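Remarks on the structure that follows.
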Amino acid sequence: MERPEIDLRSASVARIFDYYLGGAHNFAVDRVLADAAAKLMPELPRMMQLHRRFLARAMRYLVEQGVTQFLDLGSGLPTAGGSAELARRLDPSSRVVLVDNDPAVIAHGTHMLDSANTAVVLGDICEPDLVLGHPETRRLLDFDQPVGLLLVGVLDFVGDVALPQVIARYRDAAAPGSHIVLTNFSVEGGLEDYQRTEQLYRDNTTIDFHPRSAAEVTELLAGFDLAEPGVVDISLWRPEAVEDLDEHPERSAAYVAVGRKP
Amino acid sequence: MTGWTRQDIPRARSAVTEPVAAGMEAFAQSWASAIIGTSYVPMTKAEVVEHLRGLTELLVEALLADTFRTSAAHEVGIRLVEAHFTGTETLDRTVQLMGDELLSELGRDGEPHLRSRIAALQGSLSAGYAQSLRERTLDEQEAIREAVLDARDHAEAALRASEARFRAVFAEAAIGMGISDTDGNILEVNQSLQDMLGYPASELRQRNLRSLMHPADAESVWGYYEQLLHGERDHFRVEKRFNRRDGQAVWTHLTISLVRDDDGQPAYQVAMVEDVTDRHLLQNRLRYQALHDPLTTLPNRALFLERLSKAFDGAAGTRIGLCYLDLDGFKVINDSLGHDIGDQLLVAVANRLDESVAGDGRLVARMGGDEFVILIEGSTGTQSIVDIADRVLDSLTAPVRIDGHELSVSASIGLVEREINGTTSADLMRDSDITLYWAKADGKSRWALYDPERNAREVARFTLSATMPAALERDEFYVDYQPLVRLEDSKVLGVEALVRWQHPEFGRLAPDRFIELAEETGLIVPLGRWVLRSACQQARRWMDEFGDATPFVSVNLAVRQSRDPALVNDVKSILEEFALPPHLLQLELTESAIMGTADEPLEALRQLSGMGVRIAIDDFGTGYSNLAYLKHLPVHELKIAGSFMEGMRAADGADPVDSKIVSTLVSLAHALGLTVTAEGVETPSQAERLRKIGCDAGQGWLFARPGPPHQIEVLF
Ligand SMILES: C[S@@+](CC[C@H](N)C(=O)[O-])C[C@H]1O[C@@H](n2cnc3c(N)ncnc32)[C@H](O)[C@@H]1O
Numbered sequence: 001m002e003r004p005e006i007d008l009r010s011a012s013v014a015r016i017f018d019y020y021l022g023g024a025h026n027f028a029v030d031r032v033l034a035d036a037a038a039k040l041m042p043e044l045p046r047m048m049q050l051h052r053r054f055l056a057r058a059m060r061y062l063v064e065q066g067v068t069q070f071l072d073l074g075s076g077l078p079t080a081g082g083s084a085e086l087a088r089r090l091d092p093s094s095r096v097v098l099v100d101n102d103p104a105v106i107a108h109g110t111h112m113l114d115s116a117n118t119a120v121v122l123g124d125i126c127e128p129d130l131v132l133g134h135p136e137t138r139r140l141l142d143f144d145q146p147v148g149l150l151l152v153g154v155l156d157f158v159g160d161v162a163l164p165q166v167i168a169r170y171r172d173a174a175a176p177g178s179h180i181v182l183t184n185f186s187v188e189g190g191l192e193d194y195q196r197t198e199q200l201y202r203d204n205t206t207i208d209f210h211p212r213s214a215a216e217v218t219e220l221l222a223g224f225d226l227a228e229p230g231v232v233d234i235s236l237w238r239p240e241a242v243e244d245l246d247e248h249p250e251r252s253a254a255y256v257a258v259g260r261k262p
Numbered sequence: 001m002t003g004w005t006r007q008d009i010p011r012a013r014s015a016v017t018e019p020v021a022a023g024m025e026a027f028a029q030s031w032a033s034a035i036i037g038t039s040y041v042p043m044t045k046a047e048v049v050e051h052l053r054g055l056t057e058l059l060v061e062a063l064l065a066d067t068f069r070t071s072a073a074h075e076v077g078i079r080l081v082e083a084h085f086t087g088t089e090t091l092d093r094t095v096q097l098m099g100d101e102l103l104s105e106l107g108r109d110g111e112p113h114l115r116s117r118i119a120a121l122q123g124s125l126s127a128g129y130a131q132s133l134r135e136r137t138l139d140e141q142e143a144i145r146e147a148v149l150d151a152r153d154h155a156e157a158a159l160r161a162s163e164a165r166f167r168a169v170f171a172e173a174a175i176g177m178g179i180s181d182t183d184g185n186i187l188e189v190n191q192s193l194q195d196m197l198g199y200p201a202s203e204l205r206q207r208n209l210r211s212l213m214h215p216a217d218a219e220s221v222w223g224y225y226e227q228l229l230h231g232e233r234d235h236f237r238v239e240k241r242f243n244r245r246d247g248q249a250v251w252t253h254l255t256i257s258l259v260r261d262d263d264g265q266p267a268y269q270v271a272m273v274e275d276v277t278d279r280h281l282l283q284n285r286l287r288y289q290a291l292h293d294p295l296t297t298l299p300n301r302a303l304f305l306e307r308l309s310k311a312f313d314g315a316a317g318t319r320i321g322l323c324y325l326d327l328d329g330f331k332v333i334n335d336s337l338g339h340d341i342g343d344q345l346l347v348a349v350a351n352r353l354d355e356s357v358a359g360d361g362r363l364v365a366r367m368g369g370d371e372f373v374i375l376i377e378g379s380t381g382t383q384s385i386v387d388i389a390d391r392v393l394d395s396l397t398a399p400v401r402i403d404g405h406e407l408s409v410s411a412s413i414g415l416v417e418r419e420i421n422g423t424t425s426a427d428l429m430r431d432s433d434i435t436l437y438w439a440k441a442d443g444k445s446r447w448a449l450y451d452p453e454r455n456a457r458e459v460a461r462f463t464l465s466a467t468m469p470a471a472l473e474r475d476e477f478y479v480d481y482q483p484l485v486r487l488e489d490s491k492v493l494g495v496e497a498l499v500r501w502q503h504p505e506f507g508r509l510a511p512d513r514f515i516e517l518a519e520e521t522g523l524i525v526p527l528g529r530w531v532l533r534s535a536c537q538q539a540r541r542w543m544d545e546f547g548d549a550t551p552f553v554s555v556n557l558a559v560r561q562s563r564d565p566a567l568v569n570d571v572k573s574i575l576e577e578f579a580l581p582p583h584l585l586q587l588e589l590t591e592s593a594i595m596g597t598a599d600e601p602l603e604a605l606r607q608l609s610g611m612g613v614r615i616a617i618d619d620f621g622t623g624y625s626n627l628a629y630l631k632h633l634p635v636h637e638l639k640i641a642g643s644f645m646e647g648m649r650a651a652d653g654a655d656p657v658d659s660k661i662v663s664t665l666v667s668l669a670h671a672l673g674l675t676v677t678a679e680g681v682e683t684p685s686q687a688e689r690l691r692k693i694g695c696d697a698g699q700g701w702l703f704a705r706p707g708p709p710h711q712i713e714v715l716f
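Chains as they are written, first to last, in the numbering used here: chain A, 1 to 262; chain B, 1 to 716.
Dropping the structure here:
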């Protein structure tokens, strides 16, 4: 794994995400870039909130399916409404391993999380063997029992790898009854805006932005039985309130899906 | 700290009337709608409404309390932030909603003192919110900053540790290492490299790799380096020499690698230098030993042959010379004075040779034993190597002093000098060897120059001697006869049998071309026996034809034959074979064959003589001529050498000395009871003079040239 630069002068996806969610775990560089992006795509902050809402709905669904251990791949900062907090609220006995390749995220997590049921692991999700074999992962998660694989708001930043194989590796390691929760910005919705955003990211940071088509997202879910309603826009996956809805769900700004390993 | 914790909002203690309750509910609902979405709150709408209900109660209670206090509103502001209502619009909308709707929802619109209480509550809520948000923001900022710094420290510590490890490896490595920029400017060198090259780091850091070029570097070294500079090659490994600061040479295995940056652009050059000087010197020493003679330290045969074959790489027209030298009589010195002295002599000779001829393009080598060779590359002609040979012979004239002995040495030298095209090293070696042999044969202590004609002759000689046995079997030899004529009445007394060789390649060959060879090879014995038999057979034929007038046949007996133990038996059995009376056979021996001989051959001659065979001394007068000795020999006839006839050629004014000698010989012979035949008689006056002197017979062109039997027998 390439060790990402620890540099206060460059923006970080995790901190930008926090900023969009109204947090203060961010620096001027993050906010400048986030604001610039939001100018191009005014719905970005809202999209982030939709992601969090989807995560909450999906995790509740998983707990209802009997899943109480989670591997959060690309967890971001464990702030309000993050997977760790959600899991604890849904079932206090649940266990969560947060994986991120941003060392600051890991350092922050180490400070924030004192629960014995949570762990943070520095790693690249594209190296499943390292992630799955990490002592913390092994310590907290029982792979003979169903696991929730969370890939929320992260695949947008992962390209140039054989992603289907990477996901298949996680799938193979998980017990039957395990679930996957996945989101990916869509190429279909507001393509031009995304391209501009992509360019913005690229010009300012080392952040790569990889929106995907519905077909590509479906391909990533091979080997999972999709929960209703399948691969859909982020606001159309079992919405529970008006706040869960995108203002323009027909644009399919981001695809989401939940699948079950048979 | 920032974790969202669900807190139960304490319910207001006062009894809340129905209309107030309804109003609060309505306010909480519109409050929720107003602020949901202003920031991300990890709650469902129902949970938000529930949360805001509690806060509404607090506000309403404070609003309607008997004693008005704003602290509850302050608390509400705090709790909004705690629920993660952190958006900039959250407070705006809340304050606005309080002013616009709270009193009307409670049905107390028209009460001015409540309106002013609202204003106070708005202020207090705003202050609480702002203070809380500020604290939260500071907390979060603190947390994230700490996290980032932590992470960075962590990463830096790890980097420092790994850098320290690399530093240590670099500094302590036994192999020399250096780093330079892409232009070759040296940036860093480790201790080993400093030690290896003898320069301190400070000095090396001011240099460029190119300044370490060495004249002995193979071209490829800097060729590879250029490619590396241009990024066409990522590394290379070569053998390279460096000059230490103290001028000594260091031999190394050098590996230079290009280090590229993240974008693949050349960033550094890393050199790894392994000191292989010891190995190199050892190899050199081994090579030196393999190519030099340990005694004299001169180049040995192997090195000489290597240089010789390299000399043939020269341009066409280049000349080359070889002096092949062998000490004369070295074996005697070795045998008589011992190997030690012999060895010292060789060393002394080697030194003299080296001193007298050493120079560019000249190699003095010891070929083994007492043989030396001098290779002259790019010689300028025969004279140039003759000069060298003279110098060598000169250098050996002064005696060599060894252990109190004054040893005189001389050498024989074979010289070959020619253009390299059209010859080979093998040719040169063979020809110089042959030529050395000539120098020896010609009397030693001299040089001989290779002479292709002489070589051709010798080759022919060799060919002759090699083909002679087969020739004898194939009947290539035949016999001519020349009469011995009585001077008194010209009667043919005898005929000399003269062997000839009808060679298929060289034509008719006279005895002088092959008899000596046959003597050398020993073939003379069978050849002589064949001649003897042929002559006897011929004599028998003549006897049958001419009866008593038959002349004897005179057959030459070579030295070797005369010493052949089978001689007597051979003669006897041949005479018997043809039933030839012994007096019809005469055997001619040279003076030296008879005189210098031991007893056995003499005994054989006595036996032959006893049998009745005539014995003649051939070429008498040219050799030792111990006349006194003659009387003890079983000899019947003297044949006086043709050379004496010279002085008796002219009719008058003949050489008195020759005449005198011949006359003395004749009277002496007669005194001993021997007959005398003069050889080489060519003129009538010679014959007349000989007759007067009393010589018995003559042989020569005057009477007849040698010829086949049918030409000769007409004279009988
Ligand atoms: C948008 S943020 C966090 C999203 C988070 N899962 C959520 O739903 O709140 C994405 C995170 O993924 C992390 N990330 C990006 N690429 C990653 C990779 N290859 N391996 C691990 N983490 C990665 C980033 O550091 C960032 O913290």
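The beta carbon of each residue, even a glycine, is placed where N, CA and C say it ideally should be.
This one's a predicted model, so the numbers in the text were calculated from it and none came from an experiment.
Query, Result
"What residue range is occupied by the uninterrupted alpha helix (DSSP H) comprising GLU355 (chain B)?", "339–357"
"Taking the alpha carbon of GLY378 (chain B) as the reference point, which residue from B:GLU496, B:ARG430 and B:ALA315 has its own alpha carbon closest?", "B:ALA315"
"Would PRO78 (chain A) and MET112 (chain A) qualify as a contact pair, given that the criterion is a beta-carbon distance under 7 Å?", "yes"
"Bridge partners of GLN586 (chain B), per DSSP?", "B:SER554 and B:ARG614"
"Which complete alpha helix (DSSP H) runs does the region 146–199 of chain B hold, if anything under 4 residues is left out?", "191–197"
"Ligand 1 and ASP100 (chain A): does the residue's C-beta get closer than 6 Å to at least one heavy atom of that ligand?", "yes"
"Across which residues does DSSP place VAL49 (chain B) in a beta bridge pair?", "VAL49 (chain B) pairs with nothing; no bridge assigned."
"Report yes if the C-beta distance between LEU582 (chain B) and VAL613 (chain B) is below 7 Å; otherwise report no.", "Looking at the sequence provided, one finds Pro at residue 582 (chain B) rather than Leu. Yes. Within cutoff."
"Against chain A, does GLU50 (chain B) count as a neighbour if the rule is that its beta carbon must be under 7 Å from one of theirs?", "no"
"Check distances from the C-beta atoms of the region 134–151 of chain B to those of chain A and list, in chain order, the residues that come in under 9 Å.", "ARG136, THR137, LEU138, ASP139, GLU140, GLN141, ALA143, ILE144, ARG145, GLU146, ALA147, VAL148, LEU149, ASP150 and ALA151"
"Given 6 Å as the limit, tell me if ASP129 (chain A) has its C-beta closer than that to any heavy atom belonging to ligand 1.", "no"
"Count the other C-beta atoms from every protein chain shown that fall within 10 angstroms of the C-beta of TYR288 (chain B), then say buried if there are 16 or more, exposed otherwise.", "exposed"
"Are the beta-carbon atoms belonging to HIS210 (chain A) and GLY159 (chain A) less than 7 Å from one another?", "yes"
"Who pairs with GLN502 (chain B) in a beta bridge, going by DSSP?", "B:ARG508"
"I need the straight-line Cα distance from TYR170 (chain A) to PRO128 (chain A), nearest angstrom please.", "6 Å"
"Once the 5 residues before and after ARG13 (chain B) are set aside, which same chain residues still bring their CB inside 6 Å of it?", "For ARG13 (chain B), the predicted model reports a pLDDT of 47, less than 50, meaning its position is unreliable; a value from the coordinates is still stated below. Nothing listed; no residue qualifies."
"Could you tell me the distance, in whole angstroms, from the CA atom of GLU406 (chain B) to the CA atom of GLU371 (chain B)?", "21 Å"
"Pull out every residue of the region 51–67 of chain A whose Cβ sits closer than 9 Å to any Cβ of chain B, in chain order.", "ARG52, ARG53 and ALA56"
"Is there a Cβ of chain B sitting closer than 7 Å to that of GLU2 (chain A), yes or no?", "Unreliable placement is indicated for GLU2 (chain A), whose pLDDT of 38 sits below 50; the coordinate value is still reported in the next sentence. GLU2 (chain A) does not count as touching chain B."
"List the whole-angstrom C-beta distance separating TRP438 (chain B) from GLY422 (chain B), where the pair is believed to meet the contact cut-off of C-beta under 8 Å.", "Not a contact, Cβ separation roughly 22 Å."
"Residues of chain B with CB under 9 Å from ASN26 (chain A), in chain order?", "GLU140, GLN141 and ILE144"
"Shorter than 7 Å from the beta carbon of GLU243 (chain A) to some beta carbon of chain B?", "yes"
"Taking 6 Å as the cut-off, is the CB of ASP35 (chain A) close to at least one heavy atom of ligand 2?", "Among the ligands in the structure shown, ligand 2 does not appear; only ligand 1 can be found there."
"Can you name the residues of chain A whose CB is closer than 7 Å to the CB of THR86 (chain B)?", "GLY22"
"Give the single residue among B:VAL357, B:GLY361, B:THR297 and B:ASP313 whose Cα lies nearest to the Cα of LEU346 (chain B).", "B:THR297"
"Given this structure, state the Cα-to-Cα distance separating ASN351 (chain B) from ARG362 (chain B), to the nearest angstrom.", "14 Å"
"Looking at C-beta atoms only, is the number of pairs between the region 158–169 of chain B and the region 214–221 of chain B that lie closer than 8 Å three or more?", "no"
"Starting from the Cα of GLU82 (chain B), find the closest Cα among B:LEU487, B:GLU140, B:GLU355 and B:GLN537 and give me that residue.", "B:GLU140"
"Under 7 Å, Cβ to Cβ, is there at least one residue of chain B near PRO103 (chain A)?", "yes"
"In this structure, what does DSSP give as the bridge partners for TYR324 (chain B)?", "B:VAL373 and B:GLY414"
"If you draw a straight line from the C-alpha of LEU149 (chain A) to the C-alpha of THR17 (chain B), how long is it?", "51 Å"
"Please list, in chain order, all residues of the same chain as PHE196 (chain B) whose beta carbon is under 7 Å from its beta carbon, the five residues on each side excluded.", "Strictly speaking, residue 196 (chain B) in this sequence is Met, with Phe absent from that position. Excluding sequence neighbours, MET196 (chain B) sits near GLY176, VAL250, VAL273 and ASP275."
"Rounded C-beta distance between LEU327 (chain B) and VAL409 (chain B)? I'm assuming under 8 Å.", "6 Å"
"Could you confirm whether any beta carbon from chain B is found closer than 7 Å to the beta carbon of GLY76 (chain A)?", "no"
"Could you work out which residues of chain A lie near ILE36 (chain B), taking near to mean beta carbons separated by less than 7 Å?", "GLU243"
"Within a Cβ cutoff of 7 Å, which residues of the same chain sit near ASP18 (chain A), ignoring the five residues on either side of it in sequence?", "HIS25, ASN26, LEU77 and THR79"
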